[in-house]
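Chemist:
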Amino acid sequence: MGHLDHAAFGWLTPALSYAMACIGAALGLRCTVRALAATGRARRNWLITAASAIGTGIWTMHFVAMLGFRVSGTDIRYDVPLTILSLVVAMVVVCAGVFAVGYGKDRNRALLIGGLTTGLGVASMHYLGMAAVRLHGGVTYDPVLVGLSIVIAVVAATAALWAGLNIKSPLAVTLASLVMGAAVSSMHYSGMFAVSVDVSPSGATLPGATAMQFIFPLAVVLGSYLFITSAFVALSPTADERQASATAQRPVESAAR
Numbered sequence: 560m561g562h563l564d565h566a567a568f569g570w571l572t573p574a575l576s577y578a579m580a581c582i583g584a585a586l587g588l589r590c591t592v593r594a595l596a597a598t599g600r601a602r603r604n605w606l607i608t609a610a611s612a613i614g615t616g617i618w619t620m621h622f623v624a625m626l627g628f629r630v631s632g633t634d635i636r637y638d639v640p641l642t643i644l645s646l647v648v649a650m651v652v653v654c655a656g657v658f659a660v661g662y663g664k665d666r667n668r669a670l671l672i673g674g675l676t677t678g679l680g681v682a683s684m685h686y687l688g689m690a691a692v693r694l695h696g697g698v699t700y701d702p703v704l705v706g707l708s709i710v711i712a713v714v715a716a717t718a719a720l721w722a723g724l725n726i727k728s729p730l731a732v733t734l735a736s737l738v739m740g741a742a743v744s745s746m747h748y749s750g751m752f753a754v755s756v757d758v759s760p761s762g763a764t765l766p767g768a769t770a771m772q773f774i775f776p777l778a779v780v781l782g783s784y785l786f787i788t789s790a791f792v793a794l795s796p797t798a799d800e801r802q803a804s805a806t807a808q809r810p811v812e813s814a815a816r
């Protein structure tokens with residue numbers, strides 16, 4: 560049985576992965592607030608941005624945390640197509656959940672469906688990412704901890720969508736994002752603690768890419784996307800600001816006539 564180290568770089572990867580989860584949650588919540596105040600194409604675009612932010616934040620959190628994952632007695636590689644598929648799954652299912660809430664007429668029903676869909680999607684992303692791991696040995700899971708991680712994912716997703724519907728102020732969004740980041744991190748590490756590895760030492764070359772060859776560069780790109788999108792959202796006017804600007808311009812236009 561190989562010894563598993565979930566934080567080979569100390570607190571660096573858990574702290575950085577938590578920060579990524581919080582940023583993705585905060586950006587997703589802000590975009591959802593903007594979407595609910597908009598109509599037509601603008602609502603759709605804000606919802607897509609919210610889904611991409613949340614999905615990117617969750618995926619980046621997972622794989623930044625995986626940078627610190629080590630198993631004694633074996634190297635670790637990642638199957639590139641499966642890893643990319645886990646990112647696509649995260650984006651698609653979060654988008655489905657966010658759209659269910661954004662366009663659902665019955666908010667409670669939409670919240671339950673969206674939370675369940677998104678939570679199961681987040682769990683699928685996690686375990687697809689784990690299926691992409693290549694090492695010398697066999698991987699098994701504790702079913703109780705796997706079940707716990709799925710429950711946490713569903714509860715966290717439902718809470719995030721509820722927050723998007725009910726929390727409006729920037730301070731409240733910030734607090735909700737910190738809680739959501741903790742929930743997503745808890746889901747990840749409960750899933751990781753479910754893992755056991757029976758190492759079979761071998762000199763054969765493992766297929767796939769190392770974390771630094773593939774995961775790290777992609778995480779940097781996606782992290783940059785989150786920061787750039789955060790700046791865009793922060794600088795774009797809200798619906799109230801646009802309405803106030805339009806109201807202020809009307810007396811000027813009337814006077815000019």
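Numbering (this note's numbering), first residue to last: 560 to 816. Glycine included, each C-beta is placed from N, C-alpha and C at the ideal position. Owing to the predicted nature of the structure, the values given are computational and were not obtained by experimental measurement.
Measuring from the CB of A578, is there a heavy atom of the ligand SAM at a distance below 7 Å?
Modeler: Because no ligand of any kind appears in the structure shown, any question about the ligand SAM cannot be addressed here.
Chemist: Put I582 into one of helix, strand or coil per three-state DSSP.
Modeler: Correct three-state label for I582: helix.
Chemist: Please classify S755: does DSSP put it in a helix, a strand, or coil?
Modeler: S755 falls in the strand class under three-state DSSP.
Chemist: Per DSSP, what kind of secondary structure is A574 in: helix, strand or coil?
Modeler: Reduced to three states, the DSSP call for A574 is helix.
Chemist: Between A567 and G627, how many whole angstroms is the CB-CB distance? I'm expecting something under 8 Å.
Modeler: Going by Cβ atoms, the distance from A567 to G627 rounds to 5 Å, so yes, they are a contact pair.
Chemist: Which runs of the beta strand (DSSP E) fall wholly inside the region 628 to 692 and span at least 3 residues, in chain order?
Modeler: Those beta strand (DSSP E) runs which fall completely within the region 628 to 692 and span 3+ residues are 635 to 637.
Chemist: Across the region 732 to 750 and the region 596 to 610, are there enough close Cβ pairs to call them in contact, namely three or more that are closer than 8 Å?
Modeler: The answer is no - the region 596 to 610 does not touch the region 732 to 750, with fewer than three Cβ pairs under 8 Å.
Chemist: Which ranges would you report for the beta strand (DSSP E) in the region 691 to 729 if only whole runs of at least 3 residues count?
Modeler: Listed in chain order, the complete beta strand (DSSP E) runs (minimum 3 residues) inside the region 691 to 729 are 692 to 694 and 696 to 700.
Chemist: If we count the other Cβ atoms within 10 Å of its Cβ and call it buried at 16 or more, is P573 buried or exposed?
Modeler: With 16 or more Cβ atoms within 10 Å of its Cβ, P573 is classed as buried.
Chemist: Mind checking which residues open and close the alpha helix (DSSP H) that includes A624?
Modeler: G599 to M625 is the span of the alpha helix (DSSP H), which, as asked, contains A624.
Chemist: So is F658 buried or exposed if we call it buried at 16+ other beta carbons inside 10 Å?
Modeler: Result: buried.
Chemist: Per DSSP, L563 is paired with what?
Modeler: L563 pairs with V630.
Chemist: Quick one: using the 10 Å Cβ neighbour count with 16 as the cut-off for buried, is F786 buried or exposed?
Modeler: By the 10 Å Cβ count, F786 comes out exposed.
Chemist: Give a yes or no on whether the C-beta atoms belonging to G782 and M579 are separated by under 8 Å.
Modeler: Cβ distance < 8 Å, so G782 and M579 count as in contact.
Chemist: Near L679, which residues of its chain fall below 8 Å by C-beta distance, leaving aside the five closest residues on each side in sequence?
Modeler: Hits under 8 Å: V652, I709, A712 and V713.
Chemist: Taking Cβ positions, are V630 and L563 nearer each other than 8 Å?
Modeler: In contact: V630 and L563 (Cβ atoms closer than 8 Å).
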